[in-house]
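Student:
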Amino acid sequence: MSLVTKGIGLAKKAKHHFQDQIKERTPVYLSPVRRIERVASKERICAMTFDDGPCRLPPSPDHFRGKALTLVLAELLERYSAKGTFDVVGDTSANYPDKPGKHGSASWGGVSYDHYPDFKQDANGGAANCPDLIARLLAGGHEITSHTYSHVLFGWKPLVYGRRHYLSGLDPVVEDLKRLHSLMETRWGYRIRLSRPPHYVDSIRGGFSSYDAYALMGYQYMAANYDGAGWLPLATYEAEVEAMWRPMERLLLETPDAFCGQIIFQKDGYNMARRSPVADGLDKQLQLLTDHGYRIVTVSELLEHSPFEDVFPDSEVGTAARRLLNQGWCVAYQDNTIRPDSVLTRGELAMMLFGWESVPRRIAMIRSGRAPFRDLEPRHPYSGAAAQAVQSGAATAVGGRFRPGDPVTAVELAQFCSTRMGKTPPLLNRDSFTHEEFFRMAVKLMEP
Ligand SMILES: [Zn+2]
2 MSLVTKGIGL AKKAKHHFQD QIKERTPVYL SPVRRIERVA SKERICAMTF
52 DDGPCRLPPS PDHFRGKALT LVLAELLERY SAKGTFDVVG DTSANYPDKP
102 GKHGSASWGG VSYDHYPDFK QDANGGAANC PDLIARLLAG GHEITSHTYS
152 HVLFGWKPLV YGRRHYLSGL DPVVEDLKRL HSLMETRWGY RIRLSRPPHY
202 VDSIRGGFSS YDAYALMGYQ YMAANYDGAG WLPLATYEAE VEAMWRPMER
252 LLLETPDAFC GQIIFQKDGY NMARRSPVAD GLDKQLQLLT DHGYRIVTVS
302 ELLEHSPFED VFPDSEVGTA ARRLLNQGWC VAYQDNTIRP DSVLTRGELA
352 MMLFGWESVP RRIAMIRSGR APFRDLEPRH PYSGAAAQAV QSGAATAVGG
402 RFRPGDPVTA VELAQFCSTR MGKTPPLLNR DSFTHEEFFR MAVKLMEP
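Our numbering numbers the first residue of the sequence shown as 2 and each following residue consecutively.
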């Protein structure tokens, strides 16, 4: 193993450890928008997402006789019967005035904004400027997802991107997303379903987040759990290509099932050193994965195969939860787990059914600053759903308190089900229920 790849491995390990610690401290809520990092799968099936394209400029260095980088990637994928997920931008040409940053730094392509595929090369990238490449990707059966129209940050990001311009609130973010959405819809009759924020910046001015914007768009949040390393600048091109496949080869040798249900992060563009190791590294990655019996599918297909991260799709609870999900219920937490054994709370019960439809209501509450209950802030993830549940008679709030964290009792569950589903489950004398018990009960009530 080279020192460089060893270094990357250690840095990744430290980062994951840090993320795990944050995860433990942060409370998790049910959410209509789930952050999809990977899904539970016993099958050798995975997905690859390619950010920041399409790119009409050739790979760098160019071993492909001037062919567009996006086309090189599409043809490579197709040679292995693989389907890619191209997380495209619309057009970055409005992101001026700007000046290029230091070559090799995070601002290489622009100090105030990003420019794809490069500074003053915006006309050679983006769906709006490269309709031929979008048509080609769709013809190849690849998926198109939204990396936003302009790739302007959703909000302020200190440290690395502190000097970047960012969108001024929820409305401009939604407007930007709608622009790419309708471009794909009007030009190609294609409906986008997934999105990833530029540089994963989630917070939006005014107390909102990317999850609010995606909820308004009906999108799911597409993340990734394995870094394909194609964005990483190293001393030489050869080292960059090696960093793409060597760690993957090692992981496959140690744990052949490591990529089951995995989403791999890739780049359809240049790294900070203005090179595109993905053009050569991808071939080797695809070879490794297919040699190990993996099928590479789109992220949407991966989600159809298995929607959640913590239960297998063929398990009884997985089947029940999927059925409710397909009916528009909010059965999963923001991290795309369903946690079958956790105790169902009053806030969660309201969220299960009213999660999607109460999105605008919660946003209005945040804007007005008016709390629906004495114990529920407007910004609480369940504020809108709780208000909707009480208004519809599915739940009761005594003394102006909703008690969102209290377990749901048998009487409360019966009231909820009879109001919302027109049927009452057999009244068990219980003080609480797990999520799994509730899913099974709800699915049974749905049967004619
Ligand atoms: Zn990006």
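Where is the CB? At the ideal position from N, CA and C, for every residue including glycine.
Quick check on this structure: which residue in ALA395, GLY401, MET422 has the alpha carbon closest to the alpha carbon of VAL409?
Tutor: For the residues ALA395, GLY401, MET422, the minimum Cα distance to VAL409 belongs to ALA395.
Student: By how many angstroms is the C-alpha of HIS152 removed from the C-alpha of ASP123?
Tutor: Their backbone Cα atoms lie some 12 Å apart in a straight line.
Student: Going by CA-CA distance only, name the one from GLY111, ARG197, GLY207 that's closest to TYR215.
Tutor: For TYR215, the nearest C-alpha among the options comes from ARG197.
Student: Could you check whether the region 155-173 touches the region 186-205, counting it as contact only if at least three pairs of C-beta atoms, one from each stretch, sit closer than 8 Å?
Tutor: These segments touch.
Student: Does the distance from the CB of TYR227 to the CB of ARG36 come in under 8 Å?
Tutor: No, Cβ-Cβ distance for TYR227 and ARG36 is not below 8 Å.
Student: Can you tell me whether GLU144 is helix, strand or coil according to DSSP?
Tutor: Of the three classes helix, strand and coil, the one that applies to GLU144 here is strand, per DSSP.
Student: On the criterion of 16 or more Cβ atoms from any shown chain inside 10 Å, does GLY401 qualify as buried, or is it exposed?
Tutor: Flag for GLY401 reads exposed.
Student: Would you mind working out which of HIS293, ARG324, PRO361, PHE434 sits nearest GLY350, comparing C-alpha positions?
Tutor: First, the residue type needs correcting, since residue 350 is Leu and not Gly in the sequence shown. Cα-wise, what sits closest to LEU350 is PHE434.
Student: Measure the beta-carbon distance from LEU58 to LEU70 and round it to whole angstroms, keeping in mind my assumption that it falls under 8 Å.
Tutor: Rounded, the Cβ-Cβ distance is 6 Å, consistent with contact.
Student: Verify the contact flag: ASP269, CB atom, against every heavy atom of ligand 1, threshold strictly below 7 Å.
Tutor: Every heavy atom of ligand 1 is 7 Å or more from the Cβ of ASP269, so no.
Student: Can you list, in chain order, the stretches of the alpha helix (DSSP H) that have 4 or more residues and sit fully within the region 232-271?
Tutor: Here the runs fully enclosed are 238-255.
Student: Would you mind sorting GLY518 into buried or exposed? The rule is 16 or more other CB atoms within 10 Å of its CB.
Tutor: Residue 518 is absent from the structure shown; the chain starts at 2 and stops at 449.
Student: Distance check for ALA415 and GLU448, CA to CA, integer angstroms please.
Tutor: Rounded to the nearest angstrom, the two C-alpha atoms are 17 Å apart.
Student: Compare the C-alpha of ALA224 against each of GLY356, VAL175, LEU304, PRO379 and name the closest.
Tutor: The shortest C-alpha separation from ALA224 is found at LEU304.
Student: Let me know the secondary structure DSSP gives SER210 once reduced to three states.
Tutor: Looking at SER210 - three-state DSSP - the assignment turns out to be strand.
Student: Closer than 7 Å by C-beta to ARG137: which residues in its own chain qualify, once you throw out the five before and the five after it? Chain order, please.
Tutor: Closer than 7 Å at the Cβ level, and outside the excluded window around ARG137, lie LEU72, ALA75.
Student: Quick check: what's the CA-CA separation for PHE260 versus PRO314?
Tutor: Distance between the alpha carbons of PHE260 and PRO314 is about 16 Å.
Student: Quick one: is the Cβ of PRO234 within less than 7 Å of any heavy atom of ligand 1?
Tutor: Checking every heavy atom of ligand 1 against the Cβ of PRO234, none is found closer than 7 Å.
Student: Does any heavy atom of ligand 1 sit closer than 7 Å to the C-beta of HIS116?
Tutor: Not under cutoff, so the answer is no.
Student: In the structure shown, what three-state DSSP assignment does CYS331 receive?
Tutor: Coil.
Student: Starting from ALA390, follow the alpha helix (DSSP H) in both directions and report where the run begins and ends.
Tutor: Where ALA390 is concerned, the enclosing alpha helix (DSSP H) stretches over 384-392.
Student: Among THR346, ILE264, TRP357, ASP52, which residue has its Cα nearest to the Cα of GLY127?
Tutor: Comparing Cα positions, the closest option is ASP52.
Student: Taking the alpha carbon of ALA230 as the reference point, which residue from GLN288, MET218, GLN267, LEU31 has its own alpha carbon closest?
Tutor: Looking at the Cα atoms, GLN267 is the closest of the given residues.
Student: With C-beta atoms as the reference, is GLY105 less than 8 Å away from ALA240?
Tutor: Cβ distance not < 8 Å, so GLY105 and ALA240 don't count as in contact.
Student: With a cut-off of 8 Å, do at least 3 Cβ pairs link the region 380-390 to the region 354-372?
Tutor: Judged by Cβ distances under 8 Å, the region 380-390 makes contact with the region 354-372, as three or more pairs qualify.
Student: If I follow the unbroken alpha helix (DSSP H) through CYS418, where does it start and stop?
Tutor: Counting along the chain, the alpha helix (DSSP H) containing CYS418 begins and ends at 411-422.
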